[in-house]
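Right, one structure below, let's go through it.
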Amino acid sequence: MEDKELTEAEAKLQGQAEIWQYMFNFADSMVLKSAVELRIADTIHSHGHPITLSQIASGVGSSSSPSPDMITCLWRVMRLLVRKKIFTASPSSDGEETLYGLTQSSTWLLHDAELTLAPMILMEIDPRVLAPWQYLSSCVTDGGVAFKKAHGREVWEYASMDKDFNKIFNDGMECTARITMAAIASGYKDGFAGVGTVVDLGGGTGAAVAEIVKAHPRIKGINFDLPHVIATAPVYAGVSHVGGDMFQAIPNADAVFMKVRWLKLPSFFFLFYFIFN
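In terms of my numbering, the sequence shown opens at residue 217 and continues consecutively.
In structure tokens form, the structure reads like this:
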């Protein structure tokens, strides 16, 4: 009987510990965001090998002589990121200092890499994107769109009025489009046979259709999205940008490319959709 009570007590304590963990999970995201903002991965990568905390501090700060407070705060950030296996930590050859290095995870934080998640992290953890999560329970009880509840208008209208948010949002979408298209281009090589023109509906700034044209230069690409999105789209060889509303009319093309939800995606993707739609 006593053993059973002890087991139940341990199980209850474990349950409490898990709730505390869920409560503070937001800290992981915020620390990850700080790593991207401070370009910690870029600083380590620029040296080509693991470096000390002081070297990281010199790379991310405006002063070549980081203050003790900065070093202490940075140490706390790195301690969590090492525990999460975002960076590595190993002793220097003389054992006097700790050297911090990159992992497969932290290479996705590099700003200038061809494939990176840095812009998506900055978008997802932007205060304007986090605000709608405060209305999740309200959406359950009263219905409606969380983003509109938080900001008074739909996300697309909001982006058309806020240039800074529009850029952050489009940059996030663009970086994930590049990752997706890299996989499609390698695994769907014959999928565009016989296609002369392709239009990407809701193509953002054109990264996805640009990858299609890059892999199949004979194809003429059309990037179609709302005018305020197209206004910030860069020039891509073989791609024309067209602004408009897909619910009114779309450009003529041999094929239509459109990214949709996949029913087997993890639950957080459904919540992401729930927040914005």
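Think of the CB as a built atom: it goes at the ideal place given N, C-alpha and C, for glycine as much as any other residue.
Please read these numbers as outputs of a predicted model, since none were measured by experiment.
- Annotated as proximal: Gly419 and Asp441, with beta-carbon spacing under 8 Å.
- Assigned with DSSP and collapsed to three states, Ala334 falls in helix.
- Ranking Leu297, Arg299, Lys300 and Tyr316 by CA distance to the CA of Ser306 puts Tyr316 first.
- With contacts defined by Cβ atoms closer than 8 Å, Pro443 and Gly422 do not form a contacting pair.
- The count of Cβ pairs closer than 8 Å, one atom from the segment 345-363 and one from the segment 266-280, stays below three, leaving the stretches out of contact.
- Less than 8 Å separates the beta-carbon of Ala469 from that of Val415.
- The three-state reading of DSSP puts Ala227 in helix, counting H, G and I together.
- Taking a C-beta distance under 8 Å as the contact criterion, Trp324 and Leu333 qualify as a contact pair.
- Judged by their CB atoms, Ile287 and Ser270 are nearer to each other than the 8 Å cut-off.
- Counting along the chain, the unbroken beta strand (DSSP E) around His457 starts and ends at Val455 to Gly459.
- Contact check for Asp244 and Lys300: beta-carbon distance about 7 Å, within the 8 Å limit, so the pair qualifies.
- Secondary structure of Val415 (DSSP, three-state): strand.
- Counting along the chain, the unbroken alpha helix (DSSP H) around Lys249 starts and ends at Phe242 to Glu253.
- With contacts defined as CB atoms closer than 8 Å, Val411 and Val429 fail to qualify as a contacting pair.
- Rounded to the nearest angstrom, the gap between the Cα atoms of Leu318 and Cys289 is 20 Å.
- Ala257 is positioned such that its CB atom lies no closer than 8 Å to that of Val293.
- DSSP places Ile272 within a helical segment (H, G or I) once states are collapsed to three.
- Here Ile235 is exposed, its C-beta having fewer than 16 other C-beta atoms within 10 Å.
- Here Ala227 is exposed, its C-beta having fewer than 16 other C-beta atoms within 10 Å.
- In the DSSP assignment, Pro307 falls within the beta strand (DSSP E) that extends over Phe303 to Pro307.
- A distance below 7 Å between beta-carbons, with the five flanking residues on each side excluded, links Thr259 to the following residues of its chain, in chain order: Ile272, Gly275 and Val276.
- Non-local C-beta neighbours of Pro335 in its own chain, meaning closer than 6 Å and more than five positions away in sequence, comprise Asp387, Gly388 and Cys391, ordered along the chain.
- Collapsing the DSSP output to three states places Ala449 in coil.
- Leaving aside the five residues that flank Leu326 on each side, the residues in its chain whose CB is nearer than 8 Å to its CB run, in chain order, Ala257, Asp258, His261, Thr332 and Ala334.
- In the DSSP assignment, Val429 falls within the alpha helix (DSSP H) that extends over Ala423 to Ala431.
- Residue environment for Gly437: buried (at least 16 other C-beta atoms within 10 angstroms of its C-beta).
- A straight line joining the alpha-carbon of Val298 with that of Ser308 spans about 16 Å.
- When C-alpha distances from Gly403 are compared across Glu370, Ala431 and Ala453, the shortest belongs to Ala431.
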